[in-house]
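Undergrad:
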DNA sequence: CATGAATGAGTATTCATTCAT
DNA sequence: GATGAATGAATACTCATTCAT
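Chains as they are written, first to last, in the numbering used here: chain A, 124 to 313; chain B, 124 to 313; chain C, 124 to 313; chain D, 124 to 313.
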């Protein structure tokens, strides 16, 4: 499904790549994208050279992290869409995106920004998710569960906005749920 | 409450300070906080030395910019609160905060950062706004226009989130209005 | 005569700039262009930041060094051209270029390379010298002292080549003089 | 004279070594010595590891390339010396060296670097050529075709210089020939 | 033997901040 | 007070060389 032909990658190389991605995800998410590459490499237990062998640019690393996130979301979304009725699936997916996008805002924003600039891989997986979202949205609208005048751009904006809101709320589950209620109620037809 | 007594500041010094604040607001808002101090100074028509005389740190400059913004919002809010009935005032104020927070998100978020890390001056004006918002919120709730279980933290989170959402929508006024509708509808009692 | 309007430059700044140029000339000439910027800065008694304030790029520094050399050569050449008869002036100038171009070859080559790629300033002073050389060449040819079929490109190639030859000869003055004799004899009409 | 006894080298190993040398010659000549080892290995169709097994150092690779060149020149020179009269042989050999040294100058200069710093193998083949050149030179001088006061060092310097000159002239065959004429005329007894 | 992943010292450049003019 | 030159720590990225697979 991906256009590039990658050779299997040696066992240790694959492990390093994975560690790098994990560490980068954690670090970018909690401390922002300003963290030095060297620190990421150290945290992953490899030298900088290794980091740059796997990801030729810091930006490429960031992109890879986001692609992985987006793909995870897309996979879950697909499962949700398949297993429930439209309205439910739509809301479940909305929650999913919010939960998975948790972390530093500058980071989460890339979800939407992807559609605008971004490079190949990101573009691709971002497009995939957008398509899924569009379908879910239409389904929920046809089921009468969501206001029919809400477009995909607004939906994404609401998702990004909700993510940001959640970040500022911290962990309090009651408050978080209240935010979801407000947004979900607001999206219903009047 | 602040320990230092400020002497009146010479006329030209005051003018420089004001220009610096104006330019910094513009620059931080449109291009983010990553812009070099030197560039800000140049745009304001002064040397870097002057910038650092007025604001001992880049962070201090950023803070000053935000304080000014918050104070402007507070003033408007006060006027709104005085001149309209509670529910209307509440919504008008919500819009106001969103519109005035426009620009780079990292920036707008400082509103909420209040209790967390911010410095004295920011703390202070942020607290002032929070008080006003709390009052407006309570008023709107007593008037039956807003769900009674919505707390101040959730309100602020919604504001920050809405700001973010707006940023991602760009200028399209119809879409922006739709976001407002969703959030306002969602805040109403069920 | 130079197109850019430079303000006078503070005394210390001028001194630093000059030191930087001197050190860079020395270092590039004797050890090649691979020498780290930091070392050049240290040798000039300034921080790297200062180096980069004066020359925004390592390449810019190299260019400045060469421009200075070229300008020095051009000035001397002009004086030579004015004070002697064509044939003599031509040969004197040839010697001058060789002597002034001494140093690491990669470096000296830039003289000719200048006409090909190079940036504004270098281009300019390089063009100036080329014009002078062309005039001297023509004069010498009309005086019957140089083969008439020798063009400016060949002349410059011979200069660069002679410089290289001299480098490989070291300081032995007799051998050096013999090289000059060979080249000068060779340039005479047959 | 060299202490290590080399075992015959497996067929594929020999092939790899040869390919490496060919590629390195091509690459160093056309793009300079700054090209990364990895790229050379890739172009030769082997891994870096293999490159470093055959040549323990990048410098060693460079040296090997030059030795091969020098040996090729030496072989041709020997044939020339055997088959023509002294004066002709001398000039033909001069041309040969120039033509064979074509390419990046830093490269051609190794010829002269002989007595200065070079390592064993280079030293050796360089010395061999020098001996041949000395003989040819003497022959030409005895035949009255070359000024008798020209020593071997000057001859080599002239060769290196001529190579450099040629590089700066590009491909124009007429101009190149003119350079040869100048140098050859210049070398004649007065 | 071949491979290519890992390493990490080394390099150019930026930018907040200080201080001599 | 204002200026802008000087500073140097910090940072992304490269590349010769080593070594596990």
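All residues carry an ideal CB built from backbone N, CA and C; glycine is no exception. Please read all numbers here as calculations on a predicted model, not as lab measurements.
Please state whether the Cβ-Cβ distance between residue 325 of chain D and residue 139 of chain D is less than 8 Å.
TA: As displayed, chain D neither begins before 124 nor continues past 313, which places residue 325 of chain D out of reach and without an answer.
Undergrad: Please name the residues in the segment 253 to 279 of chain C whose beta-carbon is closer than 9 Å to at least one beta-carbon of chain D, in chain order.
TA: 270, 272, 273, 274, 276, 277, 279
Undergrad: Assuming residue 152 of chain C and residue 164 of chain C form a contact by the criterion Cβ under 8 Å, report the distance between their Cβ atoms to the nearest whole angstrom.
TA: Wrong, their Cβ atoms sit about 17 Å apart, outside the cutoff.
Undergrad: According to a CB-to-CB cut-off of less than 8 Å, which residues of the segment 296 to 308 of chain A neighbour chain B?
TA: 298, 301, 302, 304, 305, 306, 307, 308
Undergrad: Taking the C-alpha atoms as reference points, what is the distance between residue 187 of chain B and residue 244 of chain B?
TA: 8 Å
Undergrad: Decide if residue 159 of chain C is buried, meaning its Cβ has at least 16 other Cβ atoms within 10 Å, or exposed.
TA: exposed
Undergrad: Residue 214 of chain C versus chain D: which residues are under 9 Å apart at the beta carbon?
TA: None at all; the shortest Cβ gap to chain D is about 13 Å.
Undergrad: Going by DSSP in three states, residue 276 of chain B sits in which element: helix, strand or coil?
TA: helix
Undergrad: Compare the C-beta of residue 189 of chain B with all C-beta atoms of chain A and state if any pair is closer than 8 Å.
TA: no
Undergrad: Using three-state DSSP, classify residue 208 of chain B as helix, strand or coil.
TA: coil
Undergrad: Is there a C-beta anywhere in chain A that falls below 8 Å from the one on residue 185 of chain B?
TA: no
Undergrad: Please list, in chain order, the chain A residues whose beta carbon lies closer than 7 Å to that of residue 288 of chain B.
TA: Under the 7 Å cutoff, chain A gives 280, 281, 283, 284.
Undergrad: Can you tell me where the alpha helix (DSSP H) with residue 148 of chain D in it begins and where it stops?
TA: 134 to 154
Undergrad: Kindly indicate the opening and closing residues of the alpha helix (DSSP H) around residue 172 of chain B.
TA: 171 to 177
Undergrad: Assuming residue 177 of chain C contacts residue 219 of chain C under a Cβ cut-off of 8 Å, what Cβ separation, rounded to an integer in Å, is found between them?
TA: Wrong, their Cβ atoms sit about 28 Å apart, outside the cutoff.
Undergrad: Relative to the C-alpha of residue 266 of chain C, which residue among C:212, C:134, C:190 is closest?
TA: If we check each option's Cα against that of residue 266 of chain C, C:212 comes out closest.
Undergrad: Quick check: residue 305 of chain C and residue 310 of chain D, are their CB atoms within less than 8 Å of each other?
TA: yes
Undergrad: How many Å lie between residue 223 of chain D and residue 146 of chain A at the Cα?
TA: 54 Å
Undergrad: Where does residue 284 of chain A land, buried or exposed, given buried means 16+ other C-beta within 10 angstroms?
TA: Buried is the call here.
Undergrad: When the Cα of residue 253 of chain A is compared with those of A:137, A:288, A:278, which residue comes out closest?
TA: A:278
Undergrad: What would DSSP say about residue 222 of chain D, mapped onto helix, strand or coil?
TA: helix
Undergrad: At the level of alpha carbons, what is the spacing between residue 150 of chain C and residue 161 of chain C?
TA: 12 Å
Undergrad: Can you give me the C-alpha to C-alpha distance between residue 208 of chain A and residue 270 of chain A, rounded to a whole angstrom?
TA: 17 Å
Undergrad: In whole angstroms, give me the CA-to-CA distance for residue 272 of chain B and residue 199 of chain B.
TA: 26 Å
Undergrad: Does DSSP put residue 252 of chain B in a helix, in a strand, or in coil?
TA: Residue state, collapsed to three classes: helix.
Undergrad: Given that a residue counts as buried once 16 or more other Cβ atoms are within 10 Å of its Cβ, and exposed if not, what is residue 297 of chain A?
TA: By the 10 Å Cβ count, residue 297 of chain A comes out exposed.
Undergrad: For residue 301 of chain B, count neighbouring C-beta atoms within 10 Å of its own C-beta (all shown protein chains included) and say buried if the count is 16 or more, exposed if not.
TA: The C-beta of residue 301 of chain B has 16 or more other C-beta atoms within 10 Å across all chains shown, which makes the residue buried.
Undergrad: If the cut is a Cβ gap below 9 Å, which residues of chain D does residue 176 of chain C touch?
TA: Neighbours of residue 176 of chain C on chain D: none; closest Cβ ~28 Å, over 9 Å.
Undergrad: Please list the partners that residue 292 of chain B has in chain A, where partner means a Cβ-to-Cβ separation under 8 Å.
TA: Residues of chain A passing the Cβ test: 276, 277, 280.
Undergrad: Tell me where the alpha helix (DSSP H) around residue 268 of chain D begins and ends.
TA: Unbroken run through residue 268 of chain D: none, as it is neither H nor E.
Undergrad: Using a 10 Å radius around the Cβ and a threshold of 16 neighbouring Cβ atoms, would you call residue 256 of chain A buried or exposed?
TA: buried
Undergrad: Can you give the beta carbon distance from residue 294 of chain C to residue 280 of chain D, rounded, assuming they're within the 8 Å contact cut?
TA: Not really, about 13 Å apart at Cβ, beyond 8 Å.
Undergrad: Do you know how far the Cα of residue 148 of chain B is from the Cα of residue 154 of chain B?
TA: 10 Å
Undergrad: Going by alpha carbons, who is nearest to residue 194 of chain B out of B:303, B:286, B:246?
TA: B:246
Undergrad: Check for me: the alpha helix (DSSP H) holding residue 309 of chain A runs from which residue to which?
TA: 296 to 310
Undergrad: Classify residue 167 of chain A as buried or exposed, calling it buried when 16 or more other Cβ atoms lie within 10 Å of its own Cβ.
TA: buried
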